[in-house]
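Note sheet for the following structure.
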């Protein structure tokens with residue numbers, strides 16, 4: 045587009061517009077602005093939800109988990125731990141033991157995943173100790189007055205093991221405690237099958253009395269409803285693995301570089317062990333969130349498409365209104381491509397103004413939504429107190445480019461139609 049096309053296009057936009065055509069012009073530009081603003085707000089909310097989930101995952105999980113390639117317990121884990129901690133990018137590492145079992149009390153029997161950890165080093169790996177809403181994260185049983193016990197003797201009248209027994213501490217997820225109808229200080233029993241079965245001499249399952257010493261709320265239902273935390277020594281005892289562990293968990297300096305650190309660990313440790321980062325372990329979850337975000341983009345982009353049809357109709361009416369002008373320009377030697385360029389410029393200016401206005405309005409609305417938390421949510425239901433919104437400038441650029449592309453495509457037919465007018469017929473047009 046040259047100076048001629050720009051000059052004529054801006055002249056058409058400034059002057060000579062009939063009342064109805066002027067209204068249609070404003071509607072076209074406003075429709076594009078509305079669509080762009082809506083897209084930015086919706087995608088900012090989706091980005092905010094993703095960021096919320098991402099932050100909760102990073103708070104509740106190690107950034108990298110290293111396991112035996114054949115999923116066997118790791119025997120000589122201390123040199124492996126030192127090697128992991130010596131890897132560039134790794135801040136801290138700690139052993140853990142995972143096992144599955146059941147929690148039993150007077151009310152319910154519920155299956156759970158038990159994570160055996162060292163409570164003193166857990167704060168170096170995750171933020172779980174900061175997420176305790178009742179009790180503490182020490183695994184040290186107390187009597188009902190809160191005094192630390194030595195671990196001997198029953199803590200209530202209910203004693204499913206039939207007598208006194210060493211009592212260990214357990215920290216439950218909030219939803220798991222709710223399903224058990226249990227509170228801090230209550231006793232539960234950890235039950236785990238032995239894995240051996242003989243119809244003639246059945247072996248009873250392993251059982252251990254536990255006192256609930258804390259309840260955590262991670263903000264993620266699947267974690268709070270399934271995970272229980274016990275001392276790593278108790279987990280090793282239950283699995284009969286001696287001093288072995290099932291996983292080494294590591295925290296890295298930059299969580300978003302965890303994949304590169306995991307690759308470096310895999311190369312460093314060889315084929316005996318396998319390291320996975322948090323994004324790989326939650327790949328399906330984030331893929332589903334991205335799919336939802338893309339689906340919302342497709343739904344809201346319809347608003348921009350409707351506005352684009354308004355641009356088409358607006359330009360066609362403008363071509364009809366300026367038919368005589370087109371004939372005069374063609375008769376004075378103006379090239380047909382220049383005539384088409386005039387109307388193409390008009391459409392792009394409308395689309396550009398609508399995109400800029402919509403981009404500014406959408407970004408401001410999303411920022412206000414996050415700063416002032418206009419939309420309040422029930423934290424008990426949604427695990428967040430407001431609707432989050434995070435403006436992604438990459439999304440803003442993508443939305444702007446999509447809006448301009450749609451506008452460009454919508455202007456092609458009216459511009460082509462104007463360039464194909466016959467000069468003599470156009471001059472005689474009334």
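In the numbering used here, the protein residues as written are 45 to 474.
Glycine included, each C-beta is placed from N, C-alpha and C at the ideal position.
Residue 428 sits in coil when the DSSP states are folded into three classes, being neither helix nor strand.
With the rule of 3 Cβ pairs closer than 8 Å, the stretch 211-218 counts as touching the stretch 249-256. Put simply, the backbone Cα of residue 149 is about 47 Å away from that of residue 410. Residue 398 and residue 54 have their C-alpha atoms spaced approximately 16 Å apart.
In the structure shown, the three-state DSSP call for residue 137 is strand.
Judged by their CB atoms, residue 104 and residue 267 are nearer to each other than the 7 Å cut-off. Shown here, residue 406 sits in a helix according to DSSP, grouped into three states. Judged by DSSP secondary structure, residue 111 falls within the beta strand (DSSP E) whose first and last residues are 108-112.
By the CB criterion at 7 Å, residue 273 and residue 159 fall inside the cutoff. Spatial neighbours of residue 264 in its own chain (CB-CB distance under 8 Å, excluding positions within 5 residues in sequence) are listed in chain order as 97, 100, 101, 104, 427. For residue 317, the beta-bridge partners assigned by DSSP are 112.
Looking at the DSSP output, residue 256 shares a beta bridge with 214. Taking the CA atoms as reference points, residue 50 sits about 38 Å from residue 91. Residue environment analysis places residue 422 among the exposed positions, since fewer than 16 neighbouring C-beta atoms fall within 10 angstroms of its C-beta. Residue 435 sits away from residue 86, with the two beta carbons spaced by 7 Å or more.
For residue 227, the closest alpha carbon among the candidates 403, 129, 342, 260 is that of 260. In the three-state DSSP reduction, residue 415 falls in the helix class (H, G or I). Residue burial annotation: residue 463 is buried, with at least 16 other C-beta atoms found within 10 angstroms of its C-beta.
Residues 288 of the same chain have their beta carbon placed closer than 6 Å to that of residue 119, with the five preceding and five following residues left out of the count. In the DSSP annotation of this structure, the continuous segment of the beta strand (DSSP E) that includes residue 275 starts and ends at 271-275. DSSP places residue 353 in no beta strand (DSSP E) but in the uninterrupted alpha helix (DSSP H) bounded by 327-365.
In this structure, the alpha-carbon of residue 304 lies about 19 Å from that of residue 112. Inter-residue distance for residue 182 and residue 270 is about 20 Å (C-alpha atoms, whole angstroms). Membership of residue 177 in the beta strand (DSSP E) is indicated by the continuous run 176-179. If you draw a straight line from the Cα of residue 234 to the Cα of residue 170, it comes to about 24 Å. Each residue's CA atom was taken as its position, placing residue 438 and residue 400 some 15 Å apart.
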